[in-house]
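Below is one structure; the comments refer to it alone.
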Amino acid sequence: MASLRVDLSLPLRAFDLELALEAGPETVALVGPSGAGKTSLLRAIAGLSRPARGTVSCADDVWFDSPSGINRRPEERSVGFVFQEYALFPHLSVEQNVTFGGGRADGLLRRLRIEHLARTKPSELSGGERQRVALARALARGPRVLLLDEPMAALDPHTRGKVRAELHDLLRELALPALLVTHDFEDAAALADRVGVLVDGRLRQIGTPAELLGSPADPFVAEFAGANVLDGIAESGPDGLTRFHLDAERVVYSTDEARGRAALVVYPWDVSLARVAADDSALNHLGGEIVSLVQVGNRVRVRLPFLTAEITAASAERLALRPGEAVVASFKATQARLLPAD
Amino acid sequence: MRVLFAALLAVATAIALAFLFLPIAAIFLRVPPGDLFGALGHGVARDALLVSIKTSAIAHVAVLLIGTPAAYLLARRRFRGRGVVLTLIELPLVLPPAVAGIALLAAFGRTGLLGGELDALGIQIPFTQAAVVLAVAFVESPFYFRGAIAAFEAVDGTLVDAARTLGAGPARVFLRVALPLAAGGLGAASALALARGLGEFGATIIFAGSLQGVTQTLPLAIYAQFEQDFDTALAISALFIVVGALLLVTLKLYGWLRFASIFRSRFEPSISS
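Residue numbers (this note's numbering), protein chains in the order written: chain A, 1304 to 1645; chain B, 6 to 278.
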């Protein structure tokens, strides 16, 4: 089975991108803040920029190898590239876009349900349609590797969920090494088999979405995965627990071990809210006034001064939560991960 | 104060417009249009029209054929000294045309830089129709270059990258992506250069002379005629105004169509979903 091997060093403006990665017939998402080198990596794999050193190969096909001086041109690499904002040719129809590199369009247009748009110009398409045209175009030459640069970024939140599900199915069906760049951890977790967190040109951690959520390598990865990350001082506490001082007054407990300066990680969906601290098994209770409430689908993200909780819209309705009101956030010591501070 | 200022603006505008339009209107008011164009049918004017059409066409095609690929290279490549090259290209724009004529003589004249080589080949350029072509090309090409480089620079580099990842080599990228996307800007630059070339006077009269039927183009014919036969000079001038107006309208119309299409794509993003 074709697999993509990348091991390269590419000088960027502020730092060098240094990365080694191997991908089988799977989708690997690269997430990270903008400017981390994600797009640069895709461009280097496609041959649009030249690494200082390293190798890029697909199965036994070597595309770049600095020791032997191999550097194949982009047009000689079997790559399907879905560009950010899609980069469709504005002067060509959908069909002409898809067949630009040769091959036939009808099967792909049908598969992506855009055959009725064959004669339409890109300027007349919606965001979701453009994305499908870009996918069809990238796949038309039967590439051995698929590179997707922020394929969801140009979509409005309304169509995002549906398009994401379609893209997920397509990627599974293709069974190609696919590298997907995104700044959105949710997109990455939904689409990819493995997720790599890229910061300042380095891969901080790579693993399945569950691995990243369950045991983030550092506070940055945790924060990127959507966790609340709280700084404080850890010391040994009662019953084998770790006592964690957020400040002079506020103390929470964790079943993880840590001493000294550390970061406490708790996911918003593990935090429950109540009007008064309940007498339940949760050890950790933090009071505060609601800063904001944002509804995301059937969930509501409730921001408090210390952390964010994610509860169902139904619960938010039942508690009649309003900004400015005092609530108590609770989470179990077993849900509070402790990581060495950055 | 406010009223005074508003009046001042209105008066300034009125003077400016009158100053610009009056001379042009005068040409058409002086002689009825029918007579004006009748004068083009014979003698000096007809010869000059033929010389102008022939030399401008040859010069313009040469400028397009050589200038377009050269502009593409200069727009896409970043190299040391690029700024110097771009400035040199624009130098003829700020030169008086008479200087261009002298420069062409210095290069291609019998005693010029390439004079000996050309003489050995039996080629004589000054005061021939070839000299008119060279003078016109020399003076109009910077106009085309400037516009064409800007047009190619405006082509989104990501589209070029996309074409390459789709297997297109450099020639295919040029023909199927860069050229069609730059076409509007190239057309505008071409029209501007053509207008400048048709009006060429100073370089031509010095480098090619003003021989009726050979090197006397329309602007040279106006100059030759205005003392002998003012009506013919008027007729040729009127022809220029019509051609100039047509070129201008074409440019504006194109700009407007482009704006309209951008407008459509911005504000009616979807017809099918």
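Backbone N, C-alpha and C fix where the C-beta goes; we use that ideal spot for every residue, glycine too.
- Closer than 9 Å at the C-beta level to chain A, one finds no residue of the region 76 to 97 of chain B.
- Around the Cβ of residue 6(B), a 10 Å sphere holds fewer than 16 other Cβ atoms; the residue is exposed.
- At least one C-beta of chain A is nearer than 8 Å to the C-beta of residue 186(B).
- Under the 8 Å criterion on CB atoms, residue 1356(A) is classed as non-interfacial with respect to chain B.
- Of all residues in the region 152 to 181 of chain B, the ones placed with a Cβ closer than 8 Å to any Cβ belonging to chain A are 161, 163, 164, 166, 167, 168, 169, 170, 171, 172, 173, 174 and 181, in chain order.
- Closest by C-alpha distance to residue 31(B), out of 250(B), 260(B) and 239(B), is 239(B).
- Residue pairing of residue 1638(A) in beta bridges, as defined by DSSP: absent, with no partner found.
- With its beta carbon at least 8 Å from every one in chain B, residue 1367(A) lies outside the interface.
- In terms of Cβ geometry, residue 1641(A) and residue 1520(A) do not form a close pair [threshold 8 Å].
- Collapsing the DSSP output to three states places residue 165(B) in a helix.
- The criterion of a C-beta distance shorter than 8 Å is satisfied by residue 1566(A) and residue 1532(A).
- Closest by C-alpha distance to residue 113(B), out of 243(B), 212(B), 259(B) and 232(B), is 212(B).
- For residue 207(B), the secondary structure class from DSSP, reduced to helix, strand or coil, is helix.
- Per DSSP, reduced to three states, the secondary structure at residue 1548(A) is strand.
- For residue 1369(A), there is no enclosing alpha helix (DSSP H), as DSSP marks it with neither H nor E.
- Rounded to the nearest angstrom, the gap between the Cα atoms of residue 1425(A) and residue 1482(A) is 25 Å.
- At a cut-off of 8 Å, the C-beta of residue 1527(A) has no neighbouring C-beta in chain B.
- In the DSSP assignment, residue 1515(A) falls within the alpha helix (DSSP H) that extends over 1512 to 1517.
- For residue 134(B), the three-state secondary structure derived from DSSP is helix.
- Distances from the CA of residue 140(B) to each of 123(B), 162(B) and 106(B) were compared; the closest alpha carbon is that of 106(B).
- The DSSP-derived three-state label of residue 1578(A) is coil.
- DSSP lists 1311(A) as the beta-bridge partner residues of residue 1357(A).
- Between residue 89(B) and residue 222(B), the C-beta spacing is not below 8 Å.
- Remark: C-beta atoms of residue 1417(A) and residue 1427(A) do not approach each other more closely than 8 Å.
- Residue 1349(A) reaches chain B at 166, 169 and 170, counting residues in chain order whose Cβ is nearer than 9 Å.
- Using a Cβ-Cβ cut-off of 8 Å, residue 1445(A) does not count as an interface residue toward chain B, since no Cβ of chain B sits closer than that to its own.
- Residue 1504(A) is a Cβ neighbour of residue 1339(A), given a cutoff of 8 Å.
- In chain order, 169, 172, 173 and 174 make up the part of chain B whose C-beta sits under 7 Å from the C-beta of residue 1378(A).
- Out of 1523(A), 1540(A) and 1396(A), the CA that lies nearest to the CA of residue 1586(A) is found in 1540(A).
- According to the DSSP assignment, residue 63(B) belongs to the alpha helix (DSSP H) that extends over 48 to 81.
- In the DSSP assignment, residue 1382(A) falls within the unbroken beta strand (DSSP E) covering 1382 to 1385.
- By the Cβ neighbour-count rule, residue 1341(A) is buried, with 16 or more other Cβ atoms within 10 Å of its own.
- Taking 8 Å as the upper bound for CB-CB distance, residue 208(B) and residue 109(B) are in contact here, some 6 Å apart.
- A residue is called buried once 16 or more other Cβ atoms fall within 10 Å of its Cβ, and residue 87(B), having fewer, is exposed.
- Residue 1390(A) has a beta carbon lying within less than 8 Å of a beta carbon in chain B.
- The alpha-carbon of residue 29(B) is positioned some 53 Å away from that of residue 1386(A).
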